[in-house]
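Accompanying notes for the structure given below.
Shown next as structure tokens:
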């Protein structure tokens, strides 16, 4: 477990560095988003090949969801990178991580899945934290307020990305394959947008290229690879805590490397924001726990890996199909996608 835990912490650290690379990038925000995915595509396809994952069935039927995930991810990166340029790293990262709230709200509005009282209480706490952040930006400058607004837009796009990925996972798609395909589609979509925006497309120095390579290889590819490895050896509920540490680490990096101070209102917003998001990410409905315990009390433990897989499939078939969108969304196979920003 120690190597897996180390990989999880190192992967979360790599991902927390991404807003730092974006802030110091010499290219424009949308151009930086393009280079981030474009330079990460070869390593992701290499990781996919090394894992020797089986080719997914009915591949053409999944293309609408793959394209939707790629476009949503492109919007997520484009708006988030612009937000990072306009407001503080702490505010931008915190607001972008409201995606889990939007996922549950989408399930409520479009799928009729009523949220629990715990979710509603968490939503109020999270919105109180957001109000404090926005108030601090309003007192600071209008530009910072625009950056905060783009951070919320980022969360909406990221929620759409996670919902599309959930549909792909339910249809048998593998995590690394989804990462590779969506990154490729995002690069194709971001390139003309960056050109049309008139941003600086190329860095003006070797150091600028180094920042882009760090963003693509360290934060995007290596961060995803390390977390994917860790989640294969750790419990998903335990690993999901890294979702909550990434904004903290990003803010600390911004403080140490960029000299970006945490104003008092931002500090006060964190204890209100974290309970709201953690109630969505970490909660597991007690009914599901009771059902699983009842099924597992006298369940035999098979010795071979094939027998274990067969036993889990039978166990899942005996459990009722509960509408647990937000729980299944953050299971082990989806956590790398949910964490990687």
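In this note's numbering, the protein residues as written are 213 to 553.
By construction, the Cβ of each residue, glycine as well, lies at the ideal position given by its N, Cα and C atoms.
Assigned secondary structure, residue 389 (DSSP; H/G/I helix, E/B strand, else coil):
In the structure shown, residue 389 sits in a helix (DSSP, three-state: H, G or I).
Pick helix, strand or coil for residue 231, following the three-state DSSP scheme.
Three-state result, residue 231: helix.
Compute the beta-carbon to beta-carbon distance between residue 251 and residue 425, rounded to the nearest angstrom, for a pair I have assumed lies under 8 Å.
With a Cβ gap of about 6 Å, residue 251 and residue 425 count as contacting.
Where residue 411 and residue 234 are concerned, what is the direct C-alpha to C-alpha distance, given to the nearest angstrom?
For residue 411 and residue 234, the gap between their C-alpha atoms comes out near 14 Å.
How far does the alpha helix (DSSP H) with residue 297 in it reach, from first residue to last?
Note, residue 297: alpha helix (DSSP H), 275-298.
Three-state secondary structure (DSSP) of residue 461:
Of the three classes helix, strand and coil, the one that applies to residue 461 here is helix, per DSSP.
Residues of its chain near residue 432, where Cβ-Cβ distance is below 6 Å and the 5 sequence neighbours each way are ignored
Counting only Cβ-Cβ distances below 6 Å, and skipping sequence neighbours, we find 248 and 252.
In the DSSP assignment, find the unbroken alpha helix (DSSP H) run with residue 326 in it and report its ends.
No residue range can be given for residue 326, since it is assigned to no alpha helix (DSSP H) and is classified by DSSP as neither H nor E.
Suppose you measure from the CA of residue 357 to the CA of residue 291; what does that come to, to the nearest Å?
Annotation: residue 357 to residue 291 spans about 14 Å, alpha carbon to alpha carbon.
Between the stretch 376-391 and the stretch 272-288, are three or more C-beta pairs nearer than 8 Å?
Taking a contact to require three or more Cβ pairs closer than 8 Å, the stretch 376-391 and the stretch 272-288 qualify as touching.
Quick one, which of 316, 214, 221 and 232 has its alpha-carbon nearest residue 465's?
The shortest C-alpha separation from residue 465 is found at 232.
Reduced DSSP category for residue 432 - H, G, I as helix; E, B as strand; rest coil
If DSSP states are grouped into helix, strand and coil, residue 432 belongs with the helices.
Output yes or no for whether 9 Å exceeds the beta carbon distance between residue 366 and residue 295.
The criterion of a C-beta distance shorter than 9 Å is satisfied by residue 366 and residue 295.
State the Cα-Cα distance for the pair residue 573 and residue 418, rounded to the nearest angstrom.
This structure cannot settle anything about residue 573, because the visible part of the chain is limited to 213 through 553.
In three-state DSSP terms, what is residue 490?
With a pLDDT of 49 at residue 490, under the threshold of 50, the modelled position of that residue is not reliable, and no figure is offered here.
Go ahead and pull the three-state DSSP assignment for residue 363.
Residue 363: helix per DSSP, three-state reduction.
Can we count residue 415 as close to the ligand FMN, meaning its CB is less than 8 Å from some heavy atom?
Absence of the ligand FMN from the depicted structure is noted, as is the absence of any ligand whatsoever, leaving it without description.
Quick one: residues in its chain with C-beta nearer than 7 Å to the C-beta of residue 370, no 5 flanking neighbours on either side, listed in chain order?
Cβ within range, chain order: 288, 308 and 311.
Burial state of residue 230, where buried means 16 or more other Cβ atoms lie within 10 Å:
Per the 10 Å Cβ criterion, buried.
With a CB to CB cut of under 7 Å and the five nearest residues on each side skipped, what residues in its chain are close to residue 502?
Interpretation of residue 502 is limited by its pLDDT of 47, a score under 50 that renders its predicted location unreliable; no figure is taken from the coordinates.
For residue 255 and residue 441, what's the separation of their Cα atoms in angstroms?
Rounded to whole angstroms, the separation of the alpha carbons of residue 441 and residue 255 is 15 Å.
In whole angstroms, give me the CA-to-CA distance for residue 259 and residue 389.
Residue 259 and residue 389: Cα-Cα distance of roughly 9 Å.
Give the straight-line distance between the Cα atoms of residue 430 and residue 224, rounded to the nearest whole angstrom.
Spanning the two alpha carbons is a distance of roughly 11 Å.
Three-state secondary structure (DSSP) at residue 380?
Of the three classes helix, strand and coil, the one that applies to residue 380 here is helix, per DSSP.
Could you check what DSSP says for residue 303 in three-state terms: helix, strand or coil?
Note: residue 303 maps to helix in three-state DSSP.
Indicate the three-state DSSP secondary structure (helix, strand or coil) for residue 239 in the structure shown.
Looking at residue 239 - three-state DSSP - the assignment turns out to be coil, as it is neither helix nor strand.
Residue 414, DSSP secondary structure in three states:
Three-state DSSP puts residue 414 in coil, outside helix and strand.
Exposed or buried, which one is residue 435 when buried takes at least 16 other CB atoms within 10 Å?
Residue 435 counts as buried, since at least 16 other C-beta atoms from the protein chains shown sit within 10 angstroms of its C-beta.
Inter-residue Cα distance where the pair is residue 463 and residue 363:
Within the model, the alpha-carbon separation for residue 463 versus residue 363 is close to 15 Å.
Label residue 372 either buried or exposed according to how many other C-beta atoms from any shown protein chain fall within 10 Å of its C-beta, with 16 as the threshold for buried.
Under this definition residue 372 is a buried residue.
Leaving aside the five residues before and after residue 286 along the sequence, list all residues of the same chain whose C-beta is less than 6 Å from its C-beta, in chain order.
Non-local beta-carbon contacts of residue 286 in its own chain, meaning distances under 6 Å to residues more than five positions away in sequence, involve 398, 401 and 402 in chain order.
Check residue 310 in the structure and name its three-state DSSP category.
Reduced to three states, the DSSP call for residue 310 is coil.
Rounded C-alpha distance that separates residue 281 from residue 314:
If I take the Cα positions, the gap works out to 16 Å.
C-alpha gap between residue 394 and residue 470, whole angstroms
Rounded to the nearest angstrom, the gap between the Cα atoms of residue 394 and residue 470 is 31 Å.
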